[in-house]
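**Student:**
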Amino acid sequence: MEEIFKSERLRDEFFYRLGQQGESRLIQLLRLEAKPAHQVAICMVGDCDTADSDRRLVVTDFSGSGQKDLNEFPFSGDGLADAIRYHFGIQAEDSEETYLARLLNLESGDTSLVDDKGSRIECEITAFVELELKDHFDIDVPVAKICERSNEISIEDFSLTYDDGSDNYESFSPSNEHIQLRKIEFCAAEDGSENGRITSLLLRIYPCEPSLLSSKSEDDIDGDFKRLHSCATRFLDEVMSVEFSIRSGEALIEGIDSGTDVFGIKASGSSGSNLEDDDNDDSDDDDD
């Protein structure tokens, strides 16, 4: 395990996570049990605006009576290695093998699917994400054309862009069969034209076709869905943009763009964490 203590990639990922915090000790990496009613974590003194030269690493004890810094280390690669050694020596939750698995997960840099404890975030097959329109938006289609067969309306070609908690934005495009339209309402646009306005839209995205949930397992969940569900569970409350098509009977209205920040998002269904890496599931796609 000594080798990973000196990993430059692990150092970069630790410092990236700590560098996002708004106040000292807000982000607590590897928070593990040390003794009854006490947990210890590797934290940073300083915030996102503090210069590296003024930052310090601390191993902090958290308990019902408050928090206490147990040891302090320089904000450097060597300082982090010493902090991890010290933290591993006083925590009582993990074996060396389990602790190493946490470090490897953190080293992967996947902030969407690895939490600050170094556990991989999972969701059950019954999980879903729900998107709801927060504001109306106009579409260049006569509302009468959409409402001709309103009982046969469905959403197709759906895609969204969202903040995954890093410096990047992720895109997600579920299969049409994974989308369940819960509510959609239209009215005429207010500009005097024949065009329509969507005033309400609520839909759910499942990891597979909803009618097949009982015959599927967690192994069938796509990594892109897990990532979106994880972000919506932990911090994401709106998506950047949404594009989709509306099918009304035989008519397909394509290329509808909602604009930015008009859809809220939340996650439902059980979520949990484990230490195993499921990224090799793609090798099992040879179903007959």
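Residue numbering for the sequence shown follows the working numbering, starting at -8 and increasing by one per position. For glycine and all other residues, C-beta sits at the position ideal for the given N, C-alpha and C.
1. When you compare only the Cα positions, how much space is there between Phe226 and Leu193?
2. For Asp60 and Thr51, which I take to be in contact (beta-carbon distance under 8 Å), what is that distance rounded to the nearest angstrom?
3. Which residue marks the beginning of the alpha helix (DSSP H) containing Leu91, and which one marks its end?
4. With a threshold of 8 Å, are at least 3 pairs of Cβ atoms found where one atom belongs to the segment 80 to 100 and the other to the segment 39 to 48?
5. From this set, Ile170, Gly55, Ser206 and Glu113, which residue's C-alpha is nearest Ile144's C-alpha?
6. Count the other C-beta atoms from every protein chain shown that fall within 10 angstroms of the C-beta of Asp273, then say buried if there are 16 or more, exposed otherwise.
7. Under 8 Å by Cβ, that's how I've got Gln30 and Phe53 pegged, so tell me the actual separation to the nearest angstrom.
8. Using three-state DSSP, classify His169 as helix, strand or coil.
9. Between Glu245, Cys34, Val105 and Cys178, which has its C-alpha nearest Leu71's C-alpha?
10. Given this structure, state the Cα-to-Cα distance separating Glu115 from Ala223, to the nearest angstrom.
11. Roughly how many whole angstroms lie between the Cα atoms of Asn96 and Asn62?
12. Considering Cα atoms alone, identify which of Glu241, Gln82 and Val36 is closest to Pro27.
13. For a test of the three-state rule: what should DSSP assign to Tyr197, helix, strand or coil?
14. Pull up the DSSP beta-bridge partners for Glu234, would you.
**Tutor:** According to the structure shown:
1. Each residue's Cα considered, the two are about 20 Å apart.
2. Contact check for Asp60 and Thr51: beta-carbon distance about 5 Å, within the 8 Å limit, so the pair qualifies.
3. Judged by DSSP secondary structure, Leu91 falls within the alpha helix (DSSP H) whose first and last residues are Glu87 to Glu98.
4. Fewer than three Cβ pairs drawn from the segment 80 to 100 and the segment 39 to 48 lie within less than 8 Å of each other, which leaves the two stretches out of contact.
5. For the residues Ile170, Gly55, Ser206 and Glu113, the minimum Cα distance to Ile144 belongs to Ile170.
6. Reliability fails at Asp273, whose pLDDT of 41 lies under 50, so the model's placement of it is uncertain and the value that follows must be treated cautiously. Burial is judged here by how many other beta carbons sit within 10 angstroms of a residue's own beta carbon; Asp273 has fewer than 16 and is exposed.
7. About 5 Å separates the beta carbons of Gln30 and Phe53, which is inside the 8 Å limit, making them a contact pair.
8. Here His169 sits in helix by DSSP.
9. Closest in C-alpha terms to Leu71, from the list Glu245, Cys34, Val105 and Cys178, comes Cys34.
10. Going by the C-alpha atoms only, they are around 14 Å apart.
11. Straight-line Cα distance between these residues: approximately 25 Å.
12. Checked all of Glu241, Gln82 and Val36; the closest Cα to Pro27 is Gln82.
13. In the displayed model, Tyr197 falls within coil according to three-state DSSP, outside both helix and strand.
14. The partner list for Glu234 (beta bridge, DSSP) reads Ser150 and Asp248.
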